[in-house]
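S.K.:
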Amino acid sequence: MSSASNDTIARWASSEYKYGFVTDIEADSAPPGLSEDIVRFISAKKKEPDWMLEWRLKAYRHWLTMKEPTWANVHYPPIDYQKIVYYSAPKRDEDKPQSLDDIDPKIRETYEKLGISLKEQEVLAGIAGANVAVDAVFDSVSVGTTFKDKLAEMGVIFCSMSEAVQEHPELVRKYLGSVVPYSDNFFATLNSAVFSDGSFVFIPEGVKCPMDLSTYFRINAASTGQFERTLIVAEKGASCSYLEGCTAPMRDENQLHAAVVELVALDDASIKYSTIQNWYPGDEDGKGGIYNFVTKRGKCAGRSSHISWTQVETGSSITWKYPSCILQGDNSVGEFYSVALTGRKQQADTGTKMVHIGKNTKSYIISKGISAGRGQNTYRGQVKIQKGAENARNFTQCDSMLIGDKCGAHTFPYIEVKNATAHMEHEATTSKIGEDQLFYCNSRGIPTEDAVGLIVNGFCKEVFNELPMEFAVEAKKLLEVSLEGSVG
Amino acid sequence: MLEIRNLHARIDDHEILKGIDLKVGPGEVHSIMGPNGSGKSTLASVLAGNENYEVTEGEILFNGKDILELAPEERAWEGIFLAFQYPVEIPGVATSYFLKAALNAMRKSKGLPEIEAGEFLEMVRKKAAMVALDEKLMTRAINEGFSGGEKKRNEVFQMAMMEPKLGILDETDSGLDIDALKIVSDGVNQLRGPDRSFIVVTHYQRLLDYIVPDFVHVLVNGRIVKSGGKELALELEKKGYASILAEVGMQESLAS
Numbered sequence: 038m039s040s041a042s043n044d045t046i047a048r049w050a051s052s053e054y055k056y057g058f059v060t061d062i063e064a065d066s067a068p069p070g071l072s073e074d075i076v077r078f079i080s081a082k083k084k085e086p087d088w089m090l091e092w093r094l095k096a097y098r099h100w101l102t103m104k105e106p107t108w109a110n111v112h113y114p115p116i117d118y119q120k121i122v123y124y125s126a127p128k129r130d131e132d133k134p135q136s137l138d139d140i141d142p143k144i145r146e147t148y149e150k151l152g153i154s155l156k157e158q159e160v161l162a163g164i165a166g167a168n169v170a171v172d173a174v175f176d177s178v179s180v181g182t183t184f185k186d187k188l189a190e191m192g193v194i195f196c197s198m199s200e201a202v203q204e205h206p207e208l209v210r211k212y213l214g215s216v217v218p219y220s221d222n223f224f225a226t227l228n229s230a231v232f233s234d235g236s237f238v239f240i241p242e243g244v245k246c247p248m249d250l251s252t253y254f255r256i257n258a259a260s261t262g263q264f265e266r267t268l269i270v271a272e273k274g275a276s277c278s279y280l281e282g283c284t285a286p287m288r289d290e291n292q293l294h295a296a297v298v299e300l301v302a303l304d305d306a307s308i309k310y311s312t313i314q315n316w317y318p319g320d321e322d323g324k325g326g327i328y329n330f331v332t333k334r335g336k337c338a339g340r341s342s343h344i345s346w347t348q349v350e351t352g353s354s355i356t357w358k359y360p361s362c363i364l365q366g367d368n369s370v371g372e373f374y375s376v377a378l379t380g381r382k383q384q385a386d387t388g389t390k391m392v393h394i395g396k397n398t399k400s401y402i403i404s405k406g407i408s409a410g411r412g413q414n415t416y417r418g419q420v421k422i423q424k425g426a427e428n429a430r431n432f433t434q435c436d437s438m439l440i441g442d443k444c445g446a447h448t449f450p451y452i453e454v455k456n457a458t459a460h461m462e463h464e465a466t467t468s469k470i471g472e473d474q475l476f477y478c479n480s481r482g483i484p485t486e487d488a489v490g491l492i493v494n495g496f497c498k499e500v501f502n503e504l505p506m507e508f509a510v511e512a513k514k515l516l517e518v519s520l521e522g523s524v525g
Numbered sequence: 092m093l094e095i096r097n098l099h100a101r102i103d104d105h106e107i108l109k110g111i112d113l114k115v116g117p118g119e120v121h122s123i124m125g126p127n128g129s130g131k132s133t134l135a136s137v138l139a140g141n142e143n144y145e146v147t148e149g150e151i152l153f154n155g156k157d158i159l160e161l162a163p164e165e166r167a168w169e170g171i172f173l174a175f176q177y178p179v180e181i182p183g184v185a186t187s188y189f190l191k192a193a194l195n196a197m198r199k200s201k202g203l204p205e206i207e208a209g210e211f212l213e214m215v216r217k218k219a220a221m222v223a224l225d226e227k228l229m230t231r232a233i234n235e236g237f238s239g240g241e242k243k244r245n246e247v248f249q250m251a252m253m254e255p256k257l258g259i260l261d262e263t264d265s266g267l268d269i270d271a272l273k274i275v276s277d278g279v280n281q282l283r284g285p286d287r288s289f290i291v292v293t294h295y296q297r298l299l300d301y302i303v304p305d306f307v308h309v310l311v312n313g314r315i316v317k318s319g320g321k322e323l324a325l326e327l328e329k330k331g332y333a334s335i336l337a338e339v340g341m342q343e344s345l346a347s
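Residue numbers (my numbering), protein chains in the order written: chain B, 38 to 525; chain A, 92 to 347.
1. Just the C-alpha distance for A/Leu161 and A/Glu94, rounded to the nearest angstrom, thanks.
2. I'd like to know if B/Asp473 contacts chain A, where contact means its C-beta is closer than 9 Å to some C-beta of that chain.
3. Based on the DSSP output, what are the partners of B/Asn291 in its beta bridges?
4. Verify the CB distance criterion: does B/Ser215 have a CB-CB separation below 9 Å to chain A?
5. Tell me, to the nearest whole angstrom, how far the beta carbon of A/Val172 is from that of A/Gly258; I am working on the premise that it is less than 8 Å.
6. Rounded to the nearest angstrom, what separates B/Lys424 and B/Ile344 at their Cα positions?
7. Just to confirm, are A/Val279 and A/Thr293 a CB contact at a threshold of 9 Å?
8. Under 8 Å between beta-carbons, which chain A residues line up against B/Ser487? List them in chain order, please.
9. What residues in the region 155–182 of chain A have a beta carbon less than 9 Å from any beta carbon of chain B?
10. In whole angstroms, give me the CA-to-CA distance for A/His121 and A/Lys218.
11. Count the other CB atoms within 10 Å of the CB of B/Ile440; is the residue buried (16 or more) or exposed (fewer)?
12. Report the three-state DSSP secondary structure of B/Asp172 (helix, strand or coil).
13. Find out if the Cβ-Cβ distance for the pair B/Arg417, B/Ala109 is shorter than 9 Å.
14. Find out if the Cβ-Cβ distance for the pair A/Ser318, A/Gly118 is shorter than 9 Å.
15. Since A/Met252 contacts A/Leu194 with CB under 8 Å, what's their CB separation in whole angstroms?
16. Against chain B, with Cβ distances strictly below 9 Å, would A/Ser200 count as a contact?
17. Can you name, in chain order, every residue of its own chain whose Cβ lies under 8 Å from the Cβ of B/Asp305, other than the five neighbours on each side?
18. Please decide whether B/Ser375 counts as near chain A, where near means a Cβ-Cβ distance under 9 Å.
19. Does A/Met124 pass the burial test, meaning 16 or more other C-beta atoms within 10 Å, or should it be called exposed?
20. So, with DSSP's three-state summary, where would you put A/Leu152?
21. A/Asn141 versus chain B: which residues are under 7 Å apart at the beta carbon?
22. By the 10 Å Cβ neighbour count, where 16 or more other Cβ atoms means buried, how is B/Pro318 classified, buried or exposed?
23. Out of B/Glu511, B/Ile402, B/Trp92, B/Thr466, point me to the one whose CA is closest to B/Lys211's CA.
24. With DSSP collapsed to three states, give me the class of A/Gly319.
25. Below 8 Å on the Cβ atoms is my contact criterion, and I expect B/Cys362 with B/Ser400 to pass it. Report the Cβ-Cβ distance as a whole number of Å.
26. In the DSSP output, what is B/His205 paired with across the bridge?
27. For B/Ile483, which residues in chain A fall below 7 Å Cβ to Cβ?
28. Does the beta carbon of B/Glu427 sit closer than 9 Å to a beta carbon anywhere in chain A?
29. Going along the region 491–515 of chain B in order, which residues come within less than 8 Å of chain A, judged by CB to CB distance?
30. Closest by CA to B/Asp436, which one among B/Glu464, B/Gln383, B/Gly410, B/Ile452?
31. For A/Phe189, I'd like the list of residues in its chain whose CB is within less than 6 Å of its CB, leaving aside the five on either flank, ordered along the chain.
32. How would you label B/Val510, buried or exposed, when you count the other beta carbons within 10 angstroms and need 16 or more for buried?
33. For a cutoff of 9 Å on Cβ pairs, would you count B/Asp322 as touching chain A?
34. Give me the chain A residues within the contact set of B/Asn431, using Cβ-Cβ distance strictly less than 7 Å, ordered along the chain.
35. Just to make sure I have the definition right: I need the residues of chain A whose C-beta is within less than 9 Å of the C-beta of B/Ser541. Which are they?
36. Start and end of the alpha helix (DSSP H) containing B/Ile79?
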């Protein structure tokens, strides 16, 4: 690369993280460390019924027997699980009724700074934000959920997980752990023991959810891990679109985020789950940043059900995440659209798993990995066609783009076919952002920095097309900001 | 308008331009002809600021300003446009989006606000018609899956959109059939005017039947060895490069 673009690379790599501020708020926190007592402490804080506590303890005891996985293509010093704070919540007056109006102004301000409005009236009037209902999760707890009442009129339940355990125990008991069992993997099991909040969505039979639902996760407190749990159930013929966003302050130490998301789609139901992950990525030398170790899985339990994952991963110092689909119902469809960008010293090992069980099941995988700075980007995907999955089809396309010569792209596709009628397609490309492309743009008056944004956004277009409108705009901007200073 | 003085340029350790002198006045069309490897496309690239080439000596003055220190985009802002010999594909970036980005970058450099959607569309319609470019191409990724002819027409269309002071056509005729050649030439001719100059790089005289130049220069082995009026092109066509070289005592240059 020429020296001019090298300068641009340097500027990009040092672009600032916009959401790195800290909110000064009094918190109610557990002491650091993990033990049965802490699990009981969290459960008690949430006034949980016995069955919930038992489930947590079962998970905790199982976790003690497990080893942290090492197969991912990511490298980090050992995590001391006894140094993490497993519960931290902003203090509030528990005797008072909790409504949206009671949200601490400091927290409200925090979300406003992040572009999220918790004022229903403003959203309705089109003054603030997109027309979406929001569950705001601050450190370990949900601080407010908008449009709950309006949604309830249609039978849609949208609330925090803590509330769901209290108000809808039968649904939680039925579906929690039904897709990601408590014993699933090291991080999911840890989450099962200590999860503190998250969102719960239930769309009853035949209902098309009238507005996008979203959860905004914010880590604020230091040394705190965030362990949220999200569960979305769409009954027969129901559908919804759900969005997830995340940010965290800039801190020198690494913070752990180990979430679990479970989706259940019954006959003819459809769930679209979109994520824009922008946790603090650490600095240029890899200091600080979020460890994002997440288990996301959807079960197409019913016939002709449909689950679609779209993710734009630009943050975190390490991402370990494989949103997957279990295609159990006949004719069900699973989709995975992903853009993962690693700049600075970020590492990402991400991809998907499509397990075809039912007949005529289909899966699509479109993955776009962009590596810049000293980032390492790995696509890891598994497509499994079980014996009974007659006429299963899969299409996989994974493209990698390298910006500069200090980064890396890796691809590990695993394909396992046990039924001869399966139809599999796999395409993969790796390209360097072309000097000729940059010169072409430059010669039309477009400066290199803008040209890189243009080229990268074009590269990601198929994925951005899957995002809801407002999110797509945000994703594009985010990509441009994250790329600033990393061409080359 | 443009003055090139003793221009030397190389790529890696290979010197390609070995002292070019050329003056282009306002409204003039200059044709650069020459055998393969003589440095024609290099000259076009160096004028546009391609950083793969290192200028080791000489000057390029554009409207009195030395542009050698300017980045390619800054040269575009000054009014220099290069129609590429091999237009570049940018997957996922729609032609219209690309053009809008380019136009807005140009406008920004002049302190103008972004172009309005209606004005942009009207401009696209008008200029696309000049080169009979199918407007459907506007929604497709730029140059991706375009035919050879569509790519070249798209270059001239972009030139029409950008309204440069100096248009450089780098072998715009290569890969065009006779009908497309006429359309493209016709488009260029419509852009001619008292304040707009052109440098037309080509192998063949054929293009110059349609875009009639004011001056023709023969470039061999990194130097302009002969200059003349439009009749020089006809002479070249008739006699070939060898005879011209013999005339200037450079037969060996062609062989090398």
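No residue lacks a Cβ here, since even glycine has one placed at the ideal position from N, Cα and C.
M.R.: Judging by the given coordinates:
1. 16 Å
2. yes
3. B/Gly326
4. no
5. Here the sequence assigns Phe to residue 172 of chain A, which means Val is not the residue at that position. Rounded to whole angstroms, the Cβ separation of A/Phe172 and A/Gly258 is 5 Å, and the two are in contact under 8 Å.
6. 22 Å
7. no
8. Sequence inspection shows Asp at residue 487 of chain B; the Ser mentioned does not correspond to that position. Within chain A, the residues near B/Asp487 are Ala192, Ala196.
9. Cβ contacts with chain B come from Ala162, Pro163, Glu164, Glu165, Arg166, Ala167, Trp168, Ile171, Phe172, Leu173, Phe175, Tyr177, Pro178, Val179, Glu180, Ile181, Pro182.
10. 24 Å
11. buried
12. strand
13. With contacts defined by Cβ atoms closer than 9 Å, B/Arg417 and B/Ala109 form a contacting pair.
14. no
15. With a Cβ gap of about 6 Å, A/Met252 and A/Leu194 count as contacting.
16. yes
17. Lys273, Gly274, Gly339, Arg340, Ser341, Ser342
18. no
19. buried
20. strand
21. Phe476
22. Classification for B/Pro318: buried.
23. Comparing Cα-Cα distances from B/Lys211 to each of B/Glu511, B/Ile402, B/Trp92, B/Thr466, the minimum goes to B/Trp92.
24. strand
25. 7 Å
26. Assignment of beta-bridge partners to B/His205 by DSSP yields no partner.
27. Scanning chain A for C-beta atoms nearer than 7 Å to the C-beta of B/Ile483 yields Glu164, Ala192, Ala193, Ala196, reported in chain order.
28. no
29. Leu491, Ile492, Asn494, Gly495, Phe496, Cys497, Lys498, Glu499
30. B/Glu464
31. Ile233
32. B/Val510 comes out exposed.
33. no
34. Neighbours of B/Asn431 on chain A: none; closest Cβ ~23 Å, over 7 Å.
35. Residue 541 of chain B is absent from the model: chain B starts at 38 and stops at 525.
36. 73–82 is the extent of the alpha helix (DSSP H) around B/Ile79.
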